[in-house]
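Q: Pasting a structure here, questions to come.
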Amino acid sequence: MRPGEIQIRNAGVSFRMYREKITTLKEALVQRFRHLRTAEMFWALRHVTLAIQPGEAIAFVGHNGSGKSTLLKTVAGVLQPSEGEVTTVGRISPMIELGAGFDAELTGRDNIYLNGALLGFSRKQMEAKFDRIVAFAELDDFIDMPVKNYSSGMYARLGFAIAQDVEPEILIIDEVLSVGDERFQAKCTARIRDFRSAGVTFCFVSHSLETAAKLCPRAAVLHHGRLAFDGPVEPAWERYRELERGPMPGPGIDASK
Amino acid sequence: MSIAAQELTATPRKTGVSLLLQFRQLIGLLVLRELKVRYKRSVLGLFWTMLNPLLLMVVYTIVFSTVMPVAQHNFPLFLLSALLPWLFFNTAVLQGLTSILTNQELIRKVRLPQAVFPLSVVGSNLVNFAVSFVPLLALMLVLRQPLTRAMLFLPVSVLLLTIFTGGVTMLFATLTVFFRDVRHLAEVLLQVLMYLSPVLYDLTMLGDRKLWWFKYFRAFLAANPMTYLIALVRDPVYYGRVPDLSTLGIATGFSFASLALGFAIFSRLESRHIHYL
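The listed protein sequences correspond, in order, to chains H and R.
Using my numbering, the letters of the first sequence correspond one by one to residues 1 to 257.
Using my numbering, the letters of the second sequence correspond one by one to residues 258 to 534.
What follows is the structure in structure tokens.
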């Protein structure tokens, strides 16, 4: 396998659905941990097989709760698959949401270092990136202001500016380009295209055909935790709309395992 | 089920301890953040840290010098030298056990070694602990307690106490994720443990009493890690002597056993936390 490659083989992620919500030791002891044995398994994702090549960009599409975020979390390593395998090669940006981990009380400057540290970078490494990040985010005048005073656009700009500078070989972003003005969105789009030509693999969730079509030729449709379609963006959207219109298939709950 | 080769940003393919070491700067930043947030907009700032144990000491001193007199020379120092390490341990564990819950937003979104959260709580309490040595030293001067060379031993004492506290905090932090009432259980247990540790008294003050439960009490004290860890601080500060080798040996053993056990259990359960948050 080459850096930037992602192999997802028959991956599934299950959560326990408790009949009774047991969160205290006393209840668990009284019930002799019965809740663990009788819990139903809810498969947020199941039997998903996908191969993504270095430099490819792929959009994940689907209704709310279809398993898009779960899949991205599994690729990023935030979640471990309950069955199957998810193999990735190369440096992954381990953050699936821009600006996750920003502390509202801290300044933009402090947050850049904090965010870098969350991604496993040392202060020294972040110092080398600092000026580039501030310039990309266009926040020179506001960098020593607490981020709680930022507008949502400024917040997103700083988040994207950091993510784009960590030199990932696989970039994962949950909700991309949903905020920020048009000009900044265009800048991000251009940056993502640069990434792709440099061989960076890019996975993102999209609710907009327009954004997805701008960024990549490939889309995967998830429906109740299953992979319903994998292919070019336009037919993917048709399939997605068809699934949303059509009669609802069985619920995503599978008690068999 | 297999956990496939996941690689992180800066340096690839690390697990366990070496992964945690890569994130040591994050622990530092989280400590700074915690201190900043805690002391922001409070005029007295770090002085609160010094004031808290001093106020407790004043209360206990009044109780034990007037209400129920104890014939202990320089009682305030006798007390404070044990109260400080106890409060460090107690506060770090109580604050640290909710650290996974309070950082759940981050844990859902970023892959990182989750042990950074309880450990950063231990770190910020370590800073407070270190700061509280300032009023301790001041009190020593006021009460004309001799400053001996044995005091140079204190960094070792603090280090061992921190290692011990780190292990216990990680253990309780992971247990709290699965059972939320561990917090209340820990509060009660720690309160009882304080009286079952030589904080308000000393092993030498106990003597031998003809009570049926007394031998069990002594046996508990002998098995209690805090007995040795507190002695590591009280010996140099109050008795002006370097702790003896057996105390040091036992304290070291307990500390590293706690860290190894706490980290091992935490690492085993870490990937399941997200299902219970």
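All residues carry an ideal CB built from backbone N, CA and C; glycine is no exception.
Note that the structure is a prediction, hence the values are computed from the model and not measured.
DSSP on H/ALA163, reduced to helix/strand/coil?
A: helix
Q: Report the neighbours of H/THR201 on chain R: residues whose CB is nearer than 7 Å to its CB, in chain order.
A: Chain-ordered listing is empty here: chain R has no CB closer than 7 Å to the CB of H/THR201, the nearest sitting near 13 Å.
Q: Using beta carbons (cut-off 8 Å, strictly below), is H/ILE172 in contact with chain R?
A: no
Q: Quick check: is the beta carbon of H/PRO94 nearer than 8 Å to any beta carbon in chain R?
A: By this cut-off, H/PRO94 is an interface position.
Q: Identify every residue that forms a DSSP beta bridge with H/MET41.
A: H/ARG16
Q: Is the shortest distance between the beta-carbon of R/ILE531 and the beta-carbons of chain H less than 8 Å?
A: So, interface residue.
Q: So what does DSSP say about H/ILE6, is it helix, strand or coil?
A: Residue state, collapsed to three classes: strand.
Q: What residues from chain B crowd round H/PHE15, counting only those whose CB sits closer than 9 Å?
A: Checking the listed chains, one finds no chain B in this structure; the protein chains it contains are H and R.
Q: Going by the beta-carbon positions, is the gap between H/LEU72 and H/LEU227 smaller than 8 Å?
A: Taking the C-beta atoms as reference points, H/LEU227 is found no nearer than 8 Å to H/LEU72.
Q: Say whether the segment 377 to 384 of chain R touches the segment 458 to 466 of chain R, bearing in mind that this needs 3 or more beta-carbon pairs closer than 8 Å, one atom from each stretch.
A: no
Q: What is the DSSP secondary structure of H/ARG239, reduced to helix, strand or coil?
A: helix
Q: Do H/ILE103 and H/LEU114 have their CB atoms nearer than 8 Å?
A: The question names Ile, yet the displayed sequence has Asp at residue 103 of chain H. Cβ atoms of H/ASP103 and H/LEU114: closer than 8 Å.
Q: Find the residues of chain H that neighbour R/LEU518, judging by a C-beta separation of less than 7 Å, and give them in chain order.
A: Those within 7 Å of R/LEU518 in chain H number zero; the least Cβ separation is about 20 Å.
Q: Determine, using beta-carbon pairs with one atom in the segment 516 to 534 of chain R and one in the segment 420 to 438 of chain R, whether at least three such pairs fall under 8 Å.
A: Of all C-beta pairs linking the segment 516 to 534 of chain R to the segment 420 to 438 of chain R, three or more are shorter than 8 Å, placing the two stretches in contact.
Q: Going by DSSP, which residues form a beta bridge with H/CYS203?
A: H/ILE58, H/ILE172
Q: Which ranges would you report for the alpha helix (DSSP H) in the segment 369 to 438 of chain R if only whole runs of at least 4 residues count?
A: Annotation note: the segment 369 to 438 of chain R contains the following uninterrupted alpha helix (DSSP H) runs of length 4 or greater, listed N- to C-terminal: 373 to 388, 390 to 399, 411 to 435.
Q: Would H/ARG123 pass as an interface residue toward chain R - the criterion being a Cβ-Cβ separation below 8 Å?
A: yes
Q: Between the segment 96 to 124 of chain H and chain R, which residues of the former have CB atoms less than 7 Å from a CB of the latter, in chain order?
A: ILE96, GLU97, ALA100, GLY101, ASP103, GLU105, LEU106, TYR113, LEU114, ALA117, LEU118, LEU119, GLY120, PHE121, SER122, ARG123
Q: Just to confirm the assignment: which complete alpha helix (DSSP H) runs, minimum length 4, are found wholly within the segment 445 to 474 of chain R?
A: 460 to 463
Q: Using CA coordinates, which residue listed in H/GLY99, H/ILE170, H/GLN125, H/PRO168 is at the minimum distance from H/ALA137?
A: Of H/GLY99, H/ILE170, H/GLN125, H/PRO168, the residue nearest in Cα terms is H/GLY99.
Q: Which chain H residues are close to R/PHE436, counting only those with a beta carbon under 8 Å from its beta carbon?
A: THR23, THR24, LEU25, ALA28
Q: Please name the residues in the segment 439 to 473 of chain R whose beta-carbon is closer than 8 Å to at least one beta-carbon of chain H, in chain order.
A: VAL439, LEU442
Q: Pick out whichever of R/TYR317, R/LEU450, R/LEU311 has its Cα sitting closest to the Cα of R/VAL391.
A: R/LEU311
Q: What residue range does the beta strand (DSSP E) around H/LEU312 cover?
A: Outside the displayed range of chain H (1 to 257) lies residue 312 of chain H, so it cannot be described from this structure.
Q: Compute the Euclidean distance between the alpha carbons of H/ALA161 and R/GLY285, then round it to the nearest angstrom.
A: 23 Å
Q: Leaving aside the five residues before and after H/ARG2 along the sequence, list all residues of the same chain whose C-beta is less than 7 Å from its C-beta, in chain order.
A: PRO54, VAL89
Q: If we ignore side chains and look at the alpha-carbon of each, how far apart do H/GLU234 and H/ARG193 end up?
A: If I take the Cα positions, the gap works out to 19 Å.
Q: Restricting to Cα atoms, I'd like to know which of H/ILE173, H/GLY159, H/GLN7, H/SER66 is closest to H/ASN111.
A: H/GLY159
Q: How long is the line joining the alpha carbons of H/PHE130 and H/GLY108, rounded to whole angstroms?
A: 11 Å
Q: Where does H/MET1 fall in DSSP's three states?
A: coil
Q: Does DSSP classify H/ARG46 as helix, strand or coil?
A: strand
Q: In terms of residues, what are the limits of the alpha helix (DSSP H) holding H/ALA219?
A: It is not in any alpha helix (DSSP H) - H/ALA219 instead sits in the beta strand (DSSP E) that spans 218 to 223.
Q: Out of curiosity, what's the CA-to-CA distance linking R/ALA261 and H/LYS187?
A: With a pLDDT of only 36 at R/ALA261, under the threshold of 50, the placement of this residue in the model should not be trusted, and no figure is reported.
Q: Considering only residues of the same chain and omitting the five flanking positions on each side of R/ILE487, which have a CB-CB separation below 7 Å?
A: Cβ within range, chain order: ALA339, PRO342, TRP343, SER454, PRO455, VAL456.
Q: Do you know offhand how far H/PHE60's Cα is from H/VAL221's?
A: 6 Å
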